[in-house]
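In the working numbering, the protein residues as written are 19 to 275.
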């Protein structure tokens, strides 16, 4: 049986560095071509980011965004896993959930903002709900699809051995769906992050990266715009490729042997 070809850890790091270098080079070439007030150069923006990180105001902005993301993303994973397992185990509920997801995930998460603003008012709650809604669909679908694919022989063997419903979930279904769950969690994070920034920009409540980006655009502060965009990109990459990828490798370490 042939083994899967995988890029080494050093190869992945090199590929990431090459991609970052290419993006920065394209950016700097655009800065050389356009006037400074339209496209500031990479060194100027990096200096701005470094300066901002040393201020209490910018740290409060980061804390605001991370807090909303953590709550919304956490709720999305919790309900996504629960509904996904229920959809995989209950045939009729599975079809109902699939149909609901097909209808609802076609609506951009930002389109819910006006409705939630009217229902919940200005504050953190509508932003958190938008984040949770955006991240729920990939989490639920990944778990539900993985639960459907669990071998019936394993289920039957567990039942013969007297496994309770909780034992079935804990010892049969959860281990089987774990690879798909981790992948779904990474997809859900991408949705949650984009929903967070978009909702903060549109709602304009409190302190957050989206609000800071919108304010920089309103005041024609291009260095601030690019500094916020760079911060958003760096944070998303660190969370996805460092934190979530490390969790994935620890949980699924047997796949990387």
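Built from N, CA and C at the ideal position, the CB exists for glycine as well.
Could you compute how far the alpha carbon of residue 163 sits from the alpha carbon of residue 113? Going by the C-alpha atoms only, they are around 12 Å apart.
When you compare only the Cα positions, how much space is there between residue 110 and residue 133? Annotation: residue 110 to residue 133 spans about 30 Å, alpha carbon to alpha carbon.
Assigned secondary structure, residue 320 (DSSP; H/G/I helix, E/B strand, else coil): In the structure as shown, the chain begins at 19 and stops at 275. Residue 320 is therefore absent and cannot be evaluated.
Suppose you measure from the CA of residue 214 to the CA of residue 147; what does that come to, to the nearest Å? Their Cα atoms are separated by approximately 10 Å.
In three-state terms, what does DSSP make of residue 262? The answer is helix: DSSP assigns residue 262 an H, G or I state.
Less than 8 Å separating the beta-carbons of residue 149 and residue 66? With a cutoff of 8 Å on beta-carbon distance, residue 149 and residue 66 are scored as not near each other.
Relative to the C-alpha of residue 131, which residue among 143, 124, 121, 79 is closest? That would be 143, whose Cα lies nearest to the Cα of residue 131.
Three-pair Cβ contact test at 8 Å for the stretch 79-94 versus the stretch 231-243: In short, these stretches do not touch, since the Cβ pair count stays below three.
Measure from the alpha carbon of residue 210 to the alpha carbon of each residue in 153, 53, 48, then state which is nearest. Selected option, being the one with the closest Cα: 153.
Can you check which of these residues, 104, 252, 64, 34, is closest to residue 46 by C-alpha distance? Among 104, 252, 64, 34, the Cα nearest to that of residue 46 is on 64.
Determine the burial state of residue 246: buried for a count of at least 16 other Cβ atoms within 10 Å of its Cβ, exposed for fewer. Label assigned to residue 246: buried.
Proximity of residue 93 and residue 123 at Cβ, strictly below 8 Å: Not a contact, by the Cβ cut-off of 8 Å.
Would you mind stating whether residue 98 and residue 161 have Cβ atoms separated by less than 8 Å? Yes, they are a contact pair.
Give a yes or no on whether the minimum CB-CB distance between residue 75 and chain D is below 8 Å. Protein chains in the displayed structure number just one, and chain D is not present.
With a CB to CB cut of under 6 Å and the five nearest residues on each side skipped, what residues in its chain are close to residue 138? Excluding positions up to five away in sequence, the list reads 144.
If we ignore side chains and look at the alpha-carbon of each, how far apart do residue 71 and residue 158 end up? Cα to Cα, residue 71 sits roughly 36 Å from residue 158.
Using only the alpha-carbon positions, how far apart do residue 49 and residue 69 sit? Residue 49 and residue 69: Cα-Cα distance of roughly 21 Å.
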